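The next block holds one structure in the form of structure tokens; read it before the comments.
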Amino acid sequence: MSEIGQFSLLLAFLVCWYTVFAAIMGARRNSPELIASAYRGVWSFFFLLTIASGALMYLLAVRDLNVEYVARYTSSNLPMFYAIPAFWAGNAGSLVLWVWILSGYSALMVWRHRITDTPLVPYAAAVLMLVGSFFMTLIIFLFQTDASMTPQMVRDPFYRVMQAVLGVSGGGLHPTCNPFWRLPFTPAEGLGLNPQLQNPGMMFHPPTLYLGYVGMAIPFAFGMAALVSGQADNQWLILTRRWTITAWFFLSLGNILGGWWAYVTLGWGGYWAWDPVENAAFIPWLLATAFLHSVMIQEKRGMLKIWNMVLIIAAFGMTIFGTYLTRSGIISSVHAFARNEAFNLAFLLFMATSVMAATFLLITRVDLLKSEHQLDSLLSRESAFLFNNVVFVGAAFVVLFGTLFPLFSQVFRGVQVSVGVMWFNAILWPLWAALLILTGVGPLIAWRRADAANLRRNFLYPVAFGLLVAVGLALFGMRSGYALGFAGICAFVLATIVQEFYRGTKARMAISKETIPVAMTHLVSRQNRRYGGYLIHLGIVIIAVGITASSLFQREADLTLRRGERKPFQGYAFQYLSFRQFAEPNRDVHAATLQVFRHDALMRTAEVVKEDYYAEQMRWTKAKILYTLKEDVYLTLGSFSEDGSTVTINVKLNPLVSWIWIGGAVLIAGTVVAMWPDKREREHRRRTALRGSRAERRRPEAAARA
Amino acid sequence: MRARNIKVMISLGLVIGAIAVLVIASTTRSGYTTHYYRTPSEFLARSHDYVNSMVRVNGKVVQGSIRRTPVSAQNSLPVLDFVLGDSLNNTVPVHYVGTTVPDAFKEGADVVVEGIYTSEGVLEAKQLLVKCPSKYEAAPKPSGNV
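For the record, the sequence lines run as chains B and Y. Numbering of the first sequence is given in the working numbering, commencing with residue 1 and proceeding in unit increments. Numbering of the second sequence is given in the working numbering, commencing with residue 707 and proceeding in unit increments.
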């Protein structure tokens, strides 16, 4: 089976390069046959990688421990449910997943646009295949010499040939990140999967994030195609709008799932720690969000064209960088593993080359990107979006700087200085506040220039409501300035959204005599982009409330309890009932049973555990969370005496954390609404796409009226 | 037209300037950044520079140096004292008050201590992290759990 996988990878590599050339030649010579052949190349690439991925899943499922990757990340007693996700537990498998997703996106993209008559599509396909070829090269050709092996121990025929051709000496040739590599011997047992990764979140989090990362390659490829082909009007944005939202959807989902996974499994009571791996997923999200907003300005007003190119290049660069950060060990953290110089160099080289090539292309074609309008006023939607973009990019830059700070300081001062959670929070809270305010302002303020009447009409009630909430909370005894400020801002944004829904519904009811629910449904479905956007903003507001409350008002205590003893904490009481120790197939479990009382009424009987995993030789303290909408009771077993006579329980009260996940769900739902295919829009897109670029120039005016 | 554009540009400049000022102010502020040392020897060579600031030192728990003081009438939280070293000559005494001692903390363990270096030459630990042997390919999370 590993041979099938390896052979598919080799074929895919060849197909990939053929497609690059066929697509470029086809587009340059305007040859439909060559272009059609390139499209078939893209589909074969996807097909071959699907076979390779299937082969890897099979090897993991049957625990073929002779395959190094399988031996390294699974063990015979690992449940099947976690054996398959071990696909992306290590470097090699993650890279295969990356290209597999890329090939899937490319295949889908080519399928969707196969009849669209524009050179953008073949050029974009070529760019995507170039990106794919880099990852294929890493997987297939990157190798190291293993001194503990002799050349005769290399079993794979391809690597035997490579060893002979390259004359590698000093040991056996060993590919660095090829998951199909067979060991010269079969180990008795595998090393097992890190137990913290043995969680349902692990099933979904990495692939979701990769779907987001890789998805950004599509708008990037179209942007580059626009520059190469010289068709740098708005067509590339219109063709990629839904792709960008799709990528953004997965990036958002990946970030939210990541936070949820950290909260549920890591047991330290928080959901975000500014860990480099978290940042690696967050930076592309910030840039993608900026891009989603600024393309609206280009679509409707023909402005910010160069800026959009810069943004998509940066966003794509950051997705590659994010992949690199999680796959290399440059800044150590939970997932960051695998130290390998050749790997690091190859990645850095690819990043530098692609960003530089893209920037060079942008500079040579900059005259194609003339702005059609000027900014008219500081108080206008254009400038609100511009500020939104500057703050988003600024935040991305701050997070990047903080993440890389240990590297800078190591290079320049010889000491590794890292920045902590406080550093990030201190810098970023004003930025989040500004972005939240813009969330309310941006969608409502007038285009071109807002006059006093417009401002009064749109913002009088929301501002009043925001102030009312802040003052009200202060009267009820809230003393934290941060909390009052954020509560006021969130209330303001909420009021703008409600006001929009109210006005839209009322207008529909007046025109078409519909009932409230019908009018609202029609409102959202007829203008799904706009109202989906409002729903996303609503989700952001809810998340902001949850984050503000849980970061400012968390309370914590360590309670040492003898058996039967009960101690109070903040209106709760915790009684230690019993202790038991038992063995599961792959671990020992130490468990203490507690009763949790709220205002002297029994709330729940809960068991907190520490587990010792055999194969991984690792102990893990699991969190027990009692969720409520008001606050979560977050319990962990701190320590226990061997006979179980006393235990120390760590209790954290996390207010409003559930709202972060609720807000996340609203955001995801809003994104689905915004990307829902709209029949009229699809017709329009097909017509404009077929008519080519001439029609496009008229579109901004038509869209501006919408 | 031009003048308004300039107004926008100046405002954008102010925003960017404000972000830059925030970054610089936070980076130079003590307690917001942590100096990280791979060995106690490296740290001790420069330790006088770091009195009262946040440091993170990576070392081994010296055999026989662990002293635990359980909860009693005097102290409401358990106290843990031990010595961090890379050789017997280069050691730093560590004082920790609290219960979040990582699961794998023991004599000879490879630990990272994050805390404040006091003028008495003691590292007041805020957080103890245990490094897993490289086999597991996972570094600790802020919890201190491995």
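Heads up, the beta-carbon is just placed ideally off N, CA and C, and yes, glycines get one too. Bear in mind the structure is a predicted one, so any value in this text is a computation, not a measurement.
Exposure label - residue i; buried when at least 16 CB within 10 Å
i: B:L386; result: buried
i: B:A336; result: Caution applies to B:A336, whose pLDDT of 39 falls short of 50 and renders its modelled position unreliable; the value that the coordinates give is listed next. By the neighbour-count rule (16 or more Cβ atoms within 10 Å), B:A336 is buried.
i: B:I540; result: buried
i: B:K742; result: The structure shown does not extend to residue 742 of chain B, since chain B is modelled only from 1 through 706, so no value can be given for it.
i: B:C16; result: buried
i: B:A124; result: buried
i: B:L311; result: buried
i: B:A328; result: Note on identity: in this sequence residue 328 of chain B is Ser, with Ala being the wrong assignment. Burial call: buried.
i: B:L602; result: exposed
i: B:V471; result: exposed
i: B:P252; result: Per the sequence shown, residue 252 of chain B should be read as Ser rather than Pro. It is buried - the Cβ of B:S252 has at least 16 other Cβ atoms within 10 Å.
Within-8 Å CB hit, residue i to chain B
i: Y:I772; result: no
i: Y:A815; result: no
i: Y:R723; result: Looking at the sequence provided, one finds Gly at residue 723 of chain Y rather than Arg. Cβ-Cβ to chain B under 8 Å: no for Y:G723.
i: Y:K812; result: no
i: Y:Y742; result: yes
i: Y:D809; result: yes
i: Y:N795; result: no
i: Y:L728; result: yes
i: Y:L783; result: yes
i: Y:S732; result: yes
i: Y:T775; result: no
Residues near residue i by beta carbon distance below 6 Å, same chain, minus five either side
i: B:E372; result: G302
i: Y:E820; result: R762, K832, Q833
i: B:P85; result: M202, M203
i: Y:V714; result: none
i: B:A107; result: V42, W43, F46
i: B:H113; result: V121
i: B:F347; result: Y324
i: B:D588; result: D612
Own chain partners of residue i with C-beta closer than 7 Å, once the 5 adjacent residues on each side are dropped
i: B:I542; result: W659, I662, G663, V666
i: B:L197; result: A89
i: B:R604; result: V596, L626
i: B:F405; result: V417, S418, V419
i: B:E514; result: R508, H522
i: B:S645; result: R562, R563
i: B:V334; result: In this prediction, B:V334 has a pLDDT of 35, which is less than 50 and means its spatial position is unreliable; nothing more can be read from the coordinates.
i: B:A38; result: T19, A22, A23, G26, P122, A125
i: B:F492; result: G440, P462, V463, F465, G466
i: B:N528; result: V673, A674, W676, D678
Chain Y within 8 Å of residue i, Cβ atoms only
i: B:T74; result: no
i: B:T560; result: yes
i: B:L375; result: yes
i: B:A426; result: yes
i: B:N279; result: no
i: B:F401; result: yes
i: B:Q581; result: no
i: B:N783; result: Absent from the model: residue 783 of chain B. The displayed extent of chain B is 1 to 706, so no value can be given.
i: B:S418; result: yes
i: B:T240; result: no
Contacting residues, own chain, Cβ-Cβ under 8 Å from residue i (five flanking each side not counted)
i: Y:V785; result: R774, T775, H801, Y802, V803
i: B:S383; result: L375, S377
i: B:R619; result: K610, E611, D612, Y613
i: Y:H741; result: Y756, S759, M760, V761, R762
(request) Entirely within the region 390-474 of chain B and at least 4 residues each: give me those alpha helix (DSSP H) ranges in chain order. (result) Those alpha helix (DSSP H) runs which fall completely within the region 390-474 of chain B and span 4+ residues are 421-441.
(request) Could you tell me whether the region 205-222 of chain B touches the region 312-323 of chain B, where touching means 3 or more Cβ pairs closer than 8 Å? (result) Three or more beta-carbon pairs drawn from the region 205-222 of chain B and the region 312-323 of chain B are found closer than 8 Å, and the two stretches are therefore classed as touching.
(request) Enumerate, from N- to C-terminal direction, the unbroken beta strand (DSSP E) stretches of 3 or more residues contained entirely within the region 137-202 of chain B. (result) Qualifying beta strand (DSSP E) stretches, in chain order: 143-146, 172-175.
(request) For the region 236-315 of chain B, list the alpha helix (DSSP H) runs that are entirely contained and at least 4 residues long, ordered along the chain. (result) DSSP runs (the alpha helix (DSSP H)) wholly in the region 236-315 of chain B: 276-301.
(request) Indicate whether the contact test is met: 3 or more Cβ pairs, each with one atom in the region 71-81 of chain B and one in the region 183-203 of chain B, closer than 8 Å. (result) Judged by Cβ distances under 8 Å, the region 71-81 of chain B makes contact with the region 183-203 of chain B, as three or more pairs qualify.
(request) Check whether the region 551-565 of chain B touches the region 648-659 of chain B, counting contact only when three or more Cβ pairs, one atom from each stretch, lie closer than 8 Å. (result) Touching, per the Cβ criterion.
(message) Within 8 Å, do at least three Cβ pairs link the region 117-137 of chain B to the region 10-30 of chain B?
(response) They touch, by the three-pair rule.
(message) Three Cβ pairs or more, each shorter than 8 Å: is that satisfied between the region 230-240 of chain B and the region 133-153 of chain B?
(response) Verdict: no, contact absent.
(request) Starting from the N-terminal side, write out each stretch of the alpha helix (DSSP H) that is 4 residues or longer and does not extend beyond the region 82-148 of chain B. (result) DSSP runs (the alpha helix (DSSP H)) wholly in the region 82-148 of chain B: 91-112, 120-141.
(request) For the region 585-623 of chain B, list the beta strand (DSSP E) runs that are entirely contained and at least 3 residues long, ordered along the chain. (result) Runs found: 587-598, 601-613, 618-621.
(message) For the region 426-435 of chain B against the region 721-734 of chain Y, do three or more pairs of beta-carbon atoms, one drawn from each stretch, fall closer than 8 Å, so that the two count as touching?
(response) The region 426-435 of chain B, when compared against the region 721-734 of chain Y, does touch it at the 8 Å Cβ threshold.
(request) Please list the segments of the beta strand (DSSP E) lying wholly inside the region 13-51 of chain B, counting only runs of 3 or more residues, in order along the chain. (result) None, since the region 13-51 of chain B contains no complete beta strand (DSSP E) of that length.
(request) State whether the region 734-750 of chain Y contacts the region 406-416 of chain B, with contact taken as three or more CB pairs (one from each stretch) at a distance under 8 Å. (result) Touching, yes.
(message) What ranges does the beta strand (DSSP E) occupy inside the region 770-837 of chain Y, keeping only unbroken runs of at least 3 residues that lie completely in it?
(response) Qualifying beta strand (DSSP E) stretches, in chain order: 773-775, 785-791, 797-803, 816-823, 829-836.
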